[in-house]
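J.: Numbering (the working numbering), first residue to last: 620 to 736. Quick reminder that beta carbons are idealized off the backbone N, C-alpha and C, glycines included. Remember, it's a predicted structure, so these values are computed and weren't measured experimentally.
Here it is as C-alpha coordinates:
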(Lines of atoms letter the chains of each structure in order from A and count residues from 1; the text may use other names and numbers.)
(Lines give C-alpha, C1' and ligand atoms only; values in the text may rest on other atoms or scores of the structure.)
Protein backbone atom coordinates (compact mmCIF):
# COMPACT_ATOMS: atom_id res chain seq x y z
CA UNK A 1 0.00 0.00 0.00
CA UNK A 2 2.85 2.36 0.84
CA UNK A 3 4.50 1.69 -2.55
CA UNK A 4 1.24 2.44 -4.33
CA UNK A 5 0.96 5.77 -2.51
CA UNK A 6 4.54 6.66 -3.47
CA UNK A 7 3.84 5.79 -7.11
CA UNK A 8 0.69 7.91 -7.15
CA UNK A 9 2.52 10.86 -5.60
CA UNK A 10 5.41 10.49 -8.05
CA UNK A 11 3.00 10.35 -11.00
CA UNK A 12 1.21 13.45 -9.74
CA UNK A 13 4.51 15.27 -9.36
CA UNK A 14 5.56 14.38 -12.90
CA UNK A 15 2.19 15.43 -14.29
CA UNK A 16 2.34 18.79 -12.59
CA UNK A 17 5.80 19.43 -14.02
CA UNK A 18 4.54 18.83 -17.56
CA UNK A 19 1.49 21.07 -17.37
CA UNK A 20 2.93 24.55 -16.93
CA UNK A 21 3.71 27.27 -19.38
CA UNK A 22 7.37 26.22 -19.69
CA UNK A 23 6.25 22.70 -20.62
CA UNK A 24 4.10 24.11 -23.43
CA UNK A 25 7.06 26.08 -24.78
CA UNK A 26 9.31 23.03 -24.54
CA UNK A 27 6.72 20.96 -26.40
CA UNK A 28 6.65 23.59 -29.15
CA UNK A 29 10.45 23.49 -29.35
CA UNK A 30 10.39 19.70 -29.57
CA UNK A 31 7.68 19.72 -32.24
CA UNK A 32 9.58 22.28 -34.30
CA UNK A 33 12.74 20.16 -34.11
CA UNK A 34 10.81 17.01 -34.98
CA UNK A 35 9.21 18.63 -38.01
CA UNK A 36 12.50 20.12 -39.17
CA UNK A 37 14.22 16.74 -38.94
CA UNK A 38 11.46 14.76 -40.66
CA UNK A 39 9.75 17.22 -43.01
CA UNK A 40 11.14 15.66 -46.17
CA UNK A 41 9.80 12.21 -45.29
CA UNK A 42 6.27 13.06 -44.10
CA UNK A 43 3.31 12.02 -46.19
CA UNK A 44 0.02 13.94 -46.23
CA UNK A 45 -1.48 12.04 -43.26
CA UNK A 46 1.65 12.62 -41.19
CA UNK A 47 1.45 16.35 -41.91
CA UNK A 48 -2.13 16.36 -40.64
CA UNK A 49 -1.04 14.50 -37.50
CA UNK A 50 1.71 17.04 -36.86
CA UNK A 51 -0.75 19.87 -37.43
CA UNK A 52 -3.04 18.44 -34.75
CA UNK A 53 -0.09 18.27 -32.33
CA UNK A 54 0.67 21.90 -33.14
CA UNK A 55 -2.93 22.95 -32.50
CA UNK A 56 -2.97 21.23 -29.09
CA UNK A 57 0.28 22.92 -28.10
CA UNK A 58 -1.01 26.27 -29.37
CA UNK A 59 -4.14 25.89 -27.25
CA UNK A 60 -1.97 25.27 -24.19
CA UNK A 61 0.25 28.26 -25.01
CA UNK A 62 -2.79 30.56 -25.14
CA UNK A 63 -3.53 29.84 -21.47
CA UNK A 64 -0.47 31.73 -20.22
CA UNK A 65 1.13 35.14 -20.33
CA UNK A 66 4.72 35.31 -21.54
CA UNK A 67 7.53 37.83 -21.35
CA UNK A 68 8.54 39.74 -24.48
CA UNK A 69 11.52 37.43 -24.96
CA UNK A 70 9.41 34.30 -24.52
CA UNK A 71 6.76 35.65 -26.89
CA UNK A 72 9.45 36.35 -29.48
CA UNK A 73 10.74 32.77 -29.26
CA UNK A 74 7.21 31.33 -29.37
CA UNK A 75 6.41 33.45 -32.43
CA UNK A 76 9.55 32.30 -34.19
CA UNK A 77 8.88 28.64 -33.40
CA UNK A 78 5.26 28.97 -34.57
CA UNK A 79 6.45 30.63 -37.76
CA UNK A 80 8.86 27.79 -38.45
CA UNK A 81 6.14 25.19 -37.88
CA UNK A 82 3.66 27.03 -40.09
CA UNK A 83 6.29 27.43 -42.79
CA UNK A 84 7.01 23.70 -42.74
CA UNK A 85 3.28 22.93 -42.79
CA UNK A 86 2.75 25.15 -45.81
CA UNK A 87 5.75 23.78 -47.63
CA UNK A 88 5.01 20.16 -46.78
CA UNK A 89 1.26 20.10 -47.36
CA UNK A 90 1.40 22.24 -50.50
CA UNK A 91 4.32 20.19 -51.79
CA UNK A 92 2.43 16.94 -51.31
CA UNK A 93 -0.75 18.42 -52.82
CA UNK A 94 1.21 19.78 -55.79
CA UNK A 95 2.73 16.36 -56.37
CA UNK A 96 -0.73 14.77 -56.38
CA UNK A 97 -2.02 17.38 -58.85
CA UNK A 98 1.00 16.83 -61.11
CA UNK A 99 0.54 13.06 -60.91
CA UNK A 100 -3.14 13.43 -61.85
CA UNK A 101 -2.26 15.78 -64.71
CA UNK A 102 0.33 13.32 -66.00
CA UNK A 103 -2.19 10.49 -65.85
CA UNK A 104 -4.77 12.57 -67.73
CA UNK A 105 -2.17 13.42 -70.36
CA UNK A 106 -1.30 9.73 -70.60
CA UNK A 107 -4.95 8.84 -71.10
CA UNK A 108 -5.29 11.45 -73.86
CA UNK A 109 -2.10 10.17 -75.55
CA UNK A 110 -3.33 6.59 -75.27
CA UNK A 111 -6.72 7.38 -76.78
CA UNK A 112 -5.11 9.38 -79.60
CA UNK A 113 -2.71 6.52 -80.31
CA UNK A 114 -5.55 4.03 -80.61
CA UNK A 115 -7.77 6.31 -82.71
CA UNK A 116 -5.06 7.50 -85.10
CA UNK A 117 -4.96 5.32 -88.23
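Residue 683: which of 736, 733, 640 sits nearest, CA to CA?
T.: Residue mapping note: residue 683 aligns to position 64 of the chain shown, counting from 1. When only C-alpha atoms are compared, the closest one is 640.
J.: Could you tell me if residue 733 is buried or exposed, where buried requires 16 or more neighbouring beta carbons within 10 angstroms of its beta carbon?
T.: On the chain shown, residue 733 is found 114 positions in, with the first residue counted as 1. Flag for residue 733 reads exposed.
J.: Using C-beta distances below 7 Å, list every residue in its chain close to residue 690, excluding the 5 sequence neighbours before and after it, in chain order.
T.: As a position in the chain shown, residue 690 is number 71, starting the count at 1. Excluding positions up to five away in sequence, the list is empty.
J.: For residue 685 and residue 693, which I take to be in contact (beta-carbon distance under 8 Å), what is that distance rounded to the nearest angstrom?
T.: Translated into the one-based positions of the chain shown, residue 685 becomes position 66. Translated into the one-based positions of the chain shown, residue 693 becomes position 74. Confirmed, Cβ separation roughly 6 Å.
J.: Between which residues of its own chain and residue 736 is the CB-CB distance below 6 Å, once the five residues before and five after are set aside?
T.: In the chain shown, the residue the question calls residue 736 occupies position 117. Taken in chain order, the list of residues that qualify is empty.
J.: Just the C-alpha distance for residue 662 and residue 648, rounded to the nearest angstrom, thanks.
T.: Here residue 662 refers to the residue found at position 43 of the chain shown. Here residue 648 refers to the residue found at position 29 of the chain shown. If you take the alpha carbons of residue 662 and residue 648, they lie about 22 Å apart.
J.: Does the beta-carbon of residue 680 have 16 or more other beta-carbons within 10 angstroms, so that it is buried, or is it exposed?
T.: In the chain shown, residue 680 corresponds to position 61, counting from 1. Answer is buried; the Cβ neighbour count reaches 16.
J.: Is residue 707 helix, strand or coil when you go by DSSP?
T.: Taking the first residue of the chain shown as position 1, residue 707 is located at position 88. If DSSP states are grouped into helix, strand and coil, residue 707 belongs with the helices.
J.: From residue 659 to residue 709, what distance separates their C-alpha atoms?
T.: Position 40 of the chain shown, counting from 1, holds the residue named residue 659. Position 90 of the chain shown, counting from 1, holds the residue named residue 709. Answer to the nearest angstrom: the Cα atoms are 13 Å apart.
J.: Ordered along the chain, which non-local residues of its own chain (more than five positions away) have a Cβ less than 8 Å from that of residue 676?
T.: The residue given as residue 676 occupies position 57 in the chain shown. Closer than 8 Å at the Cβ level, and outside the excluded window around residue 676, lie 643, 646, 647, 650.
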